[in-house]
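Undergrad: Before we start, here is the structure in question, set down as C-alpha cells.
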Amino acid sequence: MHSSSSYAALPSQFDVLVVGGGAAGLYSALCLPATLQVGLITKDTLSISASDWAQGGIAAAIAPDDAPELHIADTLKAGVGLCERQAVDVLVRQAGECIQHLTQMGVAFDRKGEQLAMTLEAAHSRRRVLHAADTTGRAVVTTLADQVLQRPNIHVFNQALALDLWMHQGECLGVQLVHSQQLKLVKANAVVLATGGGGQIYSQTTNPTASTGDGVAMAWRAGATLRDLEFMQFHPTALTQAGAPRFLISEAVRGEGAHLIDIHGRRFAFDYHPDGELAPRDVVSRAIFNHLQRHPDESVVYLDLRVIAPERVKHRFPNIIRKCQKWAGINVFETPIPVSPAAHYWMGGIITNLGSQTTIPRLYAVGENASTGVHGANRLASNSLLECLVFGAQLKDITPQPLADLSQSDSAASDELTTPPDLDEVASWLQQHRTAIGQLVWQSAGIAREANQMNAALDQLEQWKTEFDALPLTQIVNRVNEQKNHTLPATLDFTILRLWTETRNLLTVAKLVLESALFRTESRGGHYRSDYPETDATWQVHTLVQDGICLRSQPIQQ
73 MHSSSSYAAL PSQFDVLVVG GGAAGLYSAL CLPATLQVGL ITKDTLSISA SDWAQGGIAA
133 AIAPDDAPEL HIADTLKAGV GLCERQAVDV LVRQAGECIQ HLTQMGVAFD RKGEQLAMTL
193 EAAHSRRRVL HAADTTGRAV VTTLADQVLQ RPNIHVFNQA LALDLWMHQG ECLGVQLVHS
253 QQLKLVKANA VVLATGGGGQ IYSQTTNPTA STGDGVAMAW RAGATLRDLE FMQFHPTALT
313 QAGAPRFLIS EAVRGEGAHL IDIHGRRFAF DYHPDGELAP RDVVSRAIFN HLQRHPDESV
373 VYLDLRVIAP ERVKHRFPNI IRKCQKWAGI NVFETPIPVS PAAHYWMGGI ITNLGSQTTI
433 PRLYAVGENA STGVHGANRL ASNSLLECLV FGAQLKDITP QPLADLSQSD SAASDELTTP
493 PDLDEVASWL QQHRTAIGQL VWQSAGIARE ANQMNAALDQ LEQWKTEFDA LPLTQIVNRV
553 NEQKNHTLPA TLDFTILRLW TETRNLLTVA KLVLESALFR TESRGGHYRS DYPETDATWQ
613 VHTLVQDGIC LRSQPIQQ
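In terms of our numbering, the sequence shown opens at residue 73 and continues consecutively.
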C-alpha cells in the first residue's frame with residue numbers, strides 16, 4: 073500500500089495538487105490520468121470531511137421505473153429556476169457510470185436481492201437514492217481513501233494547511249501551505265480545490281469543524297468569480313439537545329414515514345405545505361422556524377420514528393439509533409427525537425464550467441466549494457455526493473501544460489519566522505471571534521433574513537476584520553516573502569496557524585454571504601428574505617461576485 077505520512081517532506085512541485093480529502097478530493101485524484109504525479113493535501117487526516125458524515129445517499133436514475141428526464145425535472149424544480157440545464161444534464165446522465173465505478177471499487181450499497189436498493193427522499197418523484205445503511209458517505213469515502221492510498225502516483229499529505237493560492241500574472245501556479253513546521257510554496261501545473269462547504273459561518277450547523285469555506289475564500293482572494301453564495305440549505309432535522317453535537321437526522325427517515333410533530337404530538341408541517349414533512353427542505357425548515365417563532369415556549373420539535381416498523385428502522389438507520397442513544401440518551405423506539413434546523417449545504421461557490429475549470433487558468437474546483445450550476449437555489453436531496461463524483465470524473469482528460477520557468481529559487485534555504493508576541497492572547501482572540509462569527513451570521517443571515525440585521529452584521533464583521541488585521545500573527549504572515557520557504561518557530565504550532573487561517577476564511581466568507589444575501593431582494597429556494605418574501609421573476613439570474621462587487625448574470629434559460 074502506498075501512502076505518505078504527515079511528516080514526509082512535501083516535494084516542491086506536482087503535476088496536479090488537490091486540496092481536500094473528502095469525496096470530491098479523493099475521487100478527483102483517482103480520476104486524474106495515472107501518468108500525472110498528484111499531491112493530495114488535507115488539513116486533517118483523510119476522511120474527516122462532510123462526505124464522511126453524509127447519511128442519505130447518492131441519487132441516480134438507474135431503476136427500471138425511472139428515467140434521466142425525471143431526475144432532471146426534479147432537480148430543476150428543486151433549484152427554483154436557477155439551475156444550469158446543461159450541467160444538470162451532465163450530472164444525471166453520467167450518474168450510472170459513476171455508480172458502476174464505485175461498485176467496482178467495492179462500495180457495498182444496500183441491495184434488495186440482486187438489485188441495488190433504492191429509497192425515496194423529499195422532492196424526488198421516484199425511489200432513486202442508493203444507500204449503504206445510513207452511513208453512505210462513510211462507505212464511499214473509506215473505499216475511495218483505500219484506493220487513493222494504493223495508487224503509486226498519488227501522494228497524500230495529512231495536516232497540510234493551505235493558506236493561499238500562489239498566483240502569477242493571473243495564473244494559478246500552486247499553493248502556499250504549512251506542513252511539518254514549514255511554510256512552503258508548492259508548484260503545480262494545475263490545482264484542484266475540493267475543500268468542502270462553509271457551514272461553520274453558522275453557529276447551528278451539521279458540518280464538521282473543518283468546513284470553514286477555505287476554497288471559496290482562497291479563490292476569492294486570487295480573483296476568481298464566485299456565484300450564488302446567498303443560497304444555503306438549512307436541514308430541517310438536526311438533533312437538538314444540550315451537550316450533544318448537531319447530528320443530522322437524515323431526510324430518508326421522513327422518506328420512510330417518520331412524522332414531524334410538536335410538543336403536543338400534532339403534525340404541524342401540513343399547516344405550511346400540502347406535502348407536510350415531505351415538502352422540500354427549505355419549506356420544512358421554515359415551517360419549523362415559523363412554528364417555533366409562534367410558540368416561544370417551545371425550543372424544538374420532534375421526529376417520531378415510532379410509526380415505522382421497528383425492524384425497518386433497525387435495518388435502515390442503525391447509525392441514527394446508535395448516535396441518539398450515545399449522545400442524547402434517546403431510545404428512538406420509545407421516544408421522539410428533538411430536532412431543529414441547522415445550516416447544512418452551500419449551493420453557491422466558485423464558478424466552474426462543465427470541465428470543472430474555474431475562471432482562473434490552471435485552477436479547478438469540485439464538490440461543495442464549486443458552483444457547477446446543478447443545485448440552483450436549492451439542492452435536491454442526495455445530488456451532492458453525485459456532484460462530487462460526476463464533476464471529479466471530468467478531470468480524467470486534463471493535460472496541464474508545464475509551468476513556465478519563473479527562475480524562482482526552489483532551494484530549501486528558508487528564513488525562520490519570528491514568534492509573534494502574546495500567542496496566548498492571539499489564540500484567545502481567534503477562538504472567541506470564531507464563535508462570535510457563527511452566532512452573528514446565524515442571527516442575521518440564517519433561515520429568515522432582512523436588510524437592517526444584515527447591514528448591522530456587515531458593520532460588525534468589518535470591525536472584527538480590522539482587529540484581525542492588527543493581530544501580530546497576521547502582520548508576520550502577511551510579511552512573508554513569497555519567493556522563499558520559511559521555517560516556523562517551534563512555538564508557532566499547527567493548531568494556532570490553523571485557527572488563524574480558518575478565522576480569516578470565516579471572516580471573508582461571512583462577509584461574501586451577507587453581501588450576496590443583501591443584494592438579492594427576493595425569496596427563492598434556500599434564501600428567504602422576510603422583507604421580500606415573494607419570488608420575483610426578474611431575479612431568475614445568478615448572483616455573481618466579481619472583483620469584490622455583486623452583479624446579476626444574464627437571465628437563466630431552462
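Note that CB positions come from ideal geometry on N, CA and C, so glycine has one too.
In its own chain, which residues sit with a C-beta less than 7 Å from the C-beta of G427, not counting the 5 before and 5 after it?
TA: Q466
Undergrad: The beta strand (DSSP E) spanning L112 covers which residue range?
TA: V110 to T114
Undergrad: Could you give the DSSP three-state label for A324: helix, strand or coil?
TA: helix
Undergrad: Answer with buried or exposed for D87, where buried requires no fewer than 16 other C-beta atoms within 10 angstroms of its C-beta.
TA: That one is buried.
Undergrad: If we call anything under 8 Å between Cβ atoms a contact, is I130 one with L458?
TA: Here I130 is near L458, since their CB atoms are less than 8 Å apart.
Undergrad: How many angstroms separate the CA atom of A96 from the CA atom of V498?
TA: Cα to Cα, A96 sits roughly 33 Å from V498.
Undergrad: Expressed to the nearest angstrom, what Euclidean distance is found between the alpha-carbon atoms of L571 and L257?
TA: 20 Å
Undergrad: Leaving out the 5 sequence neighbours to the left and right, which residues in its chain are closer than 6 Å to G510 when beta-carbon positions are compared?
TA: Y274 and S275
Undergrad: Within 10 angstroms of its Cβ, does Q555 collect 16 or more other Cβ (buried), or is it exposed?
TA: Answer is exposed; the Cβ neighbour count stays below 16.
Undergrad: Find the nearest neighbour of T538 within the set W501, R521, E522 and S625, judged by alpha-carbon distance.
TA: W501
Undergrad: Below 7 Å CB to CB, which residues in the same chain sit around H74 once its five sequence neighbours on both sides are set aside?
TA: In this predicted model, H74 has a pLDDT of only 48, less than 50, meaning its place in the structure is not dependable; the value taken from the coordinates is given anyway. Cβ neighbours of H74 beyond the five flanking positions: L221, Q222, R223 and P224.
Undergrad: Answer with buried or exposed for N261, where buried requires no fewer than 16 other C-beta atoms within 10 angstroms of its C-beta.
TA: buried
Undergrad: Grab me the residues of S483's own chain with a C-beta within less than 7 Å of its C-beta, minus the 5 sequence neighbours each way, in chain order.
TA: Residue placement at S483 is flagged as unreliable, the pLDDT there being 46, under the threshold of 50; the coordinate-derived value follows with that caveat. Closer than 7 Å at the Cβ level, and outside the excluded window around S483, lies no residue.
Undergrad: With E522 as the anchor, note down where its alpha helix (DSSP H) starts and where it stops.
TA: Taken as a continuous stretch (DSSP letters only), E522 belongs to no alpha helix (DSSP H), as it is neither H nor E.
Undergrad: Are V228 and W238 touching if we call contact CB-CB under 8 Å?
TA: No.
Undergrad: Within the continuous alpha helix (DSSP H) that includes R210, where are the two ends?
TA: Note, R210: alpha helix (DSSP H), T208 to Q222.
Undergrad: In whole angstroms, what separates the C-alpha of A330 from that of A351?
TA: 13 Å
Undergrad: For Q272, name the three-state secondary structure that DSSP assigns.
TA: helix
Undergrad: Short of 7 Å in beta carbon distance, which residues of its chain neighbour F389, apart from the five on each side in sequence? Order them along the chain.
TA: D206 and V325
Undergrad: Does DSSP classify K537 as helix, strand or coil?
TA: Helix.
Undergrad: Since I believe E606 is in contact with S595 (beta carbons under 8 Å), could you give me their beta-carbon distance rounded to a whole number of angstroms?
TA: 6 Å
Undergrad: Per DSSP, what are the beta-bridge partners of P410 in this structure?
TA: Y374
Undergrad: Would you please verify whether the beta carbon of P224 is less than 8 Å from any beta carbon of chain D?
TA: Of the protein chains in this structure there is only one, and it is not chain D.
Undergrad: Which residues does DSSP pair with M304 in a beta bridge?
TA: W418
Undergrad: From the DSSP output, read off the bridge partner residues of V462.
TA: V462 is not bridged to any residue.
Undergrad: Should E383 be labelled buried (16 or more other beta-carbon atoms within 10 Å of its own) or exposed?
TA: exposed
Undergrad: Return the chain-ordered list of same chain residues with a C-beta closer than 8 Å to the C-beta of R293, the five sequence neighbours on each side being excluded.
TA: So the list reads D236, L237 and T580, once near-sequence residues are dropped.
Undergrad: Assess, as a yes-or-no matter, whether the segment 333-348 is touched by the segment 357-368 under the definition of 3 or more beta carbon pairs within less than 8 Å.
TA: The segment 357-368, when compared against the segment 333-348, does touch it at the 8 Å Cβ threshold.
Undergrad: Looking only at its chain, what residues have a beta carbon closer than 6 Å to the beta carbon of V513, apart from the 5 residues adjacent to it on each side?
TA: I273, Y274 and A582
Undergrad: Does the pairing of the segment 444-451 with the segment 418-425 give three or more beta-carbon distances under 8 Å?
TA: yes
Undergrad: Could you name the residues that DSSP lists as bridge partners for M290?
TA: In the DSSP output, where bridge partners are listed per residue, M290 has none listed.
Undergrad: In this structure, what does DSSP give as the bridge partners for W238?
TA: G246
Undergrad: Can you name the residues that DSSP bridges to Y604?
TA: R601
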